[in-house]
Amino acid sequence: MVLLLRYSCKLISRVSFFVCILCTAFRLNAVISHAESNNKTEMLAAYFDSPGEPDVLYVNQVPIPELEDNEVLVKVQASAINRADTLQRRGLYPIPPGASPILGLEVSGTIEKVGASVGSAWKVGDKVMCLCNGGGNAEFVAVHFKHVMPMPANTNFLEAAAIPEVWLTAFQLLHFVGKLQPEDYVLIHAGASGVGTAAIQLVTLAKGKAIVTAGSEDKIKLALELGASAGFNYKETDFSEEVMKFTEGRGVNLILDCVGGVYWEMNVNCLAMDGRWVLYGLLGGRSVNGNLFLELLKKRISLMATTLRTRTDEYKGQLVEAFSQQALSHFERGYLKPVMDSVFPLDQISAAHEKMEANKNMGKIMIRVAKDNTDAIGVVDSINNINKEETQIKAEL
3 MVLLLRYSCK LISRVSFFVC ILCTAFRLNA VISHAESNNK TEMLAAYFDS PGEPDVLYVN
63 QVPIPELEDN EVLVKVQASA INRADTLQRR GLYPIPPGAS PILGLEVSGT IEKVGASVGS
123 AWKVGDKVMC LCNGGGNAEF VAVHFKHVMP MPANTNFLEA AAIPEVWLTA FQLLHFVGKL
183 QPEDYVLIHA GASGVGTAAI QLVTLAKGKA IVTAGSEDKI KLALELGASA GFNYKETDFS
243 EEVMKFTEGR GVNLILDCVG GVYWEMNVNC LAMDGRWVLY GLLGGRSVNG NLFLELLKKR
303 ISLMATTLRT RTDEYKGQLV EAFSQQALSH FERGYLKPVM DSVFPLDQIS AAHEKMEANK
363 NMGKIMIRVA KDNTDAIGVV DSINNINKEE TQIKAEL
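In structure tokens form, the structure reads like this:
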């Protein structure tokens with residue numbers, strides 16, 4: 003017993019020493035990196051000269067963005083791609099006035115500089131995740147300080163970068179626009195997408211019942227594993243009929259629709275009386291044929307349309323604040339988790355776009371940005387793992 007205790011103490015001591023070394027190395031690397039960043043005037047960014055297929059994308063040397071007083075400059079560790087990025091690349095998504103022409107709506111990283119009016123909200127070195135008004139697929143991005151969130155504990159940079167855009171979108175659709183209530187049935191189209199996987203978990207957290215559509219059995223399986231009550235393959239069945247059977251004729255209270263045109267009749271058919279229909283994408287067409295307005299009147303359906311990127315800074319700030327207060331702690335507890343499909347380095351962003359446009363992803367397609375990204379993520383993961391092991395050893399003793 004004495005020998006076991008001595009051995010355990012030595013092991014704990016060694017683990018603690020290793021943690022100190024890693025932490026010191028990480029801090030030293032951050033200091034060196036910060037000093038180098040302050041001397042830089044240019045950065046690498048995903049770029050395209052004219053709209054087209056994914057092969058128009060390339061990595062270009064561009065100026066580091068100038069900082070406004072209400073912004074922070076973030077050194078990007080990881081980013082992601084979204085449907086808006088692929089549409090912008092094709093010339094089908096005009097960027098809002100004042101937005102960066104560089105792709106990328108969400109990032110994780112560390113704060114490098116702080117604007118004059120930011121105050122004490124953020125400081126240099128803070129590890130954060132951010133909702134960007136473009137510019138995220140680059141080494142640095144300037145972000146409004148109210149669109150910044152702390153990285154949840156025990157979350158690495160890749161996981162954190164998978165949160166801002168899709169989780170804030172899902173949160174907005176459900177709570178700000180859709181007015182989700184406990185026990186609501188919620189139909190989520192594209193259930194295995196980034197927004198879909200986030201919405202499933204948020205509906206479940208709010209004690210609603212998520213039903214999804216997706217284009218493969220693997221995607222349906224993923225949705226069910228995340229907490230969906232039911233899932234239907236839209237390629238093989240009329241989902242509206244299946245939804246009505248599952249809800250025993252009641253219908254759903256809320257639909258999150260990124261498809262549009264081709265789904266309108268089936269959406270109406272499976273909506274309950276006084277149902278809410280939130281449209282946030284048009285992947286299935288921009289126009290409808292038929293008596294849409296008449297059908298809406300028959301069921302007193304509320305049809306609402308929304309986007310996030312075109313919202314005001316004030317609105318986005320309120321959304322970030324509400325999400326931070328109501329959802330962030332659930333990531334730390336493990337109740338909510340971003341779903342990542344794959345990771346591409348920045349110089350392979352064209353391949354990432356190809357994968358998204360082929361609808362082959364289940365969850366987020368991530369982009370490694372910083373050259374020291376692997377080391378940074380690796381150190382964070384190593385420290386987390388060592389801390390868990392040390393806690394386990396102490397518990398066993």
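Heads up: the sequence shown runs through residues 3 to 399, numbered per my numbering. Idealized CB from N, CA, C, for every residue including glycine. A quick note: this is a predicted structure, and the numbers were derived from the prediction, not measured.
What separation, rounded to the nearest whole angstrom, lies between the Cα atoms of residue i and residue j?
i: Ala208; j: Gln63; result: 45 Å
i: Glu267; j: His191; result: 14 Å
i: Asp57; j: Asn156; result: 36 Å
i: Phe182; j: Ala201; result: Reading off the sequence, residue 182 comes out as Leu, not Phe. Cα to Cα, Leu182 sits roughly 11 Å from Ala201.
i: Ser304; j: Val205; result: 19 Å
i: Phe346; j: Gly277; result: 40 Å
i: Val254; j: Val116; result: 46 Å
i: Glu68; j: Val280; result: 37 Å
i: His177; j: Gly100; result: 28 Å
i: Gly292; j: Pro154; result: 47 Å
i: Glu141; j: Asp343; result: 22 Å
i: Leu89; j: Val341; result: 22 Å
i: Arg302; j: Val179; result: 17 Å
i: Ile165; j: Pro152; result: 11 Å
i: Gly127; j: Ser231; result: 42 Å
i: Ala372; j: Glu334; result: 25 Å
i: Val143; j: Ile66; result: 8 Å
i: Asn363; j: Tyr60; result: 22 Å
i: Glu70; j: Leu348; result: 26 Å
i: His332; j: Phe325; result: 11 Å
i: Tyr95; j: Ala86; result: 7 Å
i: Glu359; j: Leu294; result: 29 Å
i: Ile388; j: Asn158; result: Model confidence at Ile388 stands at a pLDDT of 38, short of 50, so the residue's coordinates are unreliable and nothing is read from them.
i: Ser412; j: Lys357; result: For residue 412 there is no data in the structure shown, the boundaries of the chain being 3 and 399.
i: Met275; j: Arg311; result: 31 Å
i: His355; j: Thr199; result: 19 Å
i: Val322; j: Leu256; result: 23 Å
i: Val245; j: Val120; result: 48 Å
i: Ala194; j: Gly233; result: 10 Å
Taking all protein chains shown into account, do 16 or more other C-beta atoms lie within 10 angstroms of the C-beta of residue i, making it buried, or fewer, making it exposed?
i: Ala123; result: exposed
i: Gly93; result: exposed
i: Ser289; result: exposed
i: Asn84; result: buried
i: Lys125; result: exposed
i: Glu250; result: exposed
i: Val74; result: buried
i: Gln327; result: exposed
i: Val264; result: exposed
i: Met368; result: buried
i: Ala118; result: exposed
i: Tyr236; result: buried
i: Lys247; result: exposed
Can you check which of these residues, the options, is closest to residue i by C-alpha distance?
i: Ala162; options: Leu176, Lys339, Met364, Glu316; result: Lys339
i: Thr171; options: Lys247, Tyr282, Leu294, Lys237; result: Tyr282
i: Gly1; options: Arg85, Gln203, Ile83; result: This structure leaves residue 1 out entirely; the chain is present only between 3 and 399.
i: Asp51; options: Glu44, Pro103, Val261; result: Pro103
i: Ala225; options: Lys129, Leu296, Phe295, Val197; result: Val197
i: Arg313; options: Met45, Gly127, Glu167; result: Glu167
i: Lys300; options: Tyr317, Ser326, Leu273; result: Leu273
i: Asn139; options: Ala354, Ala48, Asp220; result: Ala48
i: Val261; options: Met275, Gly286, Lys237, Gln328; result: Gly286
i: Tyr330; options: Leu175, Asn72, Trp169, Asp220; result: Here residue 330 is Leu; the residue named in the question, Tyr, does not match the sequence. If we check each option's Cα against that of Leu330, Trp169 comes out closest.
i: Phe173; options: Leu296, Val130, Gly54, Lys318; result: Lys318
i: Ala82; options: Glu44, Gln320, Leu284, Leu107; result: Leu107
i: Gly54; options: Ala194, Leu46, Arg91, Thr43; result: Arg91
i: Asp259; options: Thr309, Glu44, Ile222, Ser352; result: Thr309
i: Leu46; options: Leu298, Ile351, Ile97; result: Ile351
i: Leu175; options: Arg370, Ala307, Glu227; result: Ala307
Which of the three DSSP states, helix, strand or coil, is assigned to residue i?
i: Trp279; result: strand
i: Ser326; result: helix
i: Ile257; result: strand
i: Asn269; result: helix
i: Lys209; result: coil
i: Phe28; result: Because Phe28 sits at a pLDDT of 42, beneath the cut-off of 50, its placement in the model cannot be relied upon, and the point is left open.
i: Tyr317; result: helix
i: Glu73; result: strand
i: Gln183; result: coil
i: Thr376; result: Residue placement at Thr376 is flagged as unreliable, the pLDDT there being 45, under the threshold of 50; the coordinate-derived value follows with that caveat. DSSP places Thr376 in helix when its eight states are reduced to three.
i: Leu189; result: strand
i: Asn41; result: helix
i: Ser81; result: strand
i: Val371; result: coil
i: Met153; result: coil
Quick one: does the C-beta of residue i sit closer than 6 Å to a heavy atom of the ligand SAM?
i: Val197; result: Ligands are entirely absent from the displayed structure, and the ligand SAM is therefore not among its contents.
- Query: Should the region 109–123 be called in touch with the region 73–80, which here means at least 3 C-beta pairs below 8 Å?
  - Reply: yes
Q: Mind the definition here: the region 175–189 touches the region 124–139 only if three or more C-beta pairs lie below 8 Å; say whether that holds.
A: no
Just checking, does the region 268–279 make contact with the region 232–249 on the three C-beta pairs under 8 Å criterion?
-> yes
Q: Check whether the region 213–221 touches the region 135–150, counting contact only when three or more Cβ pairs, one atom from each stretch, lie closer than 8 Å.
A: no
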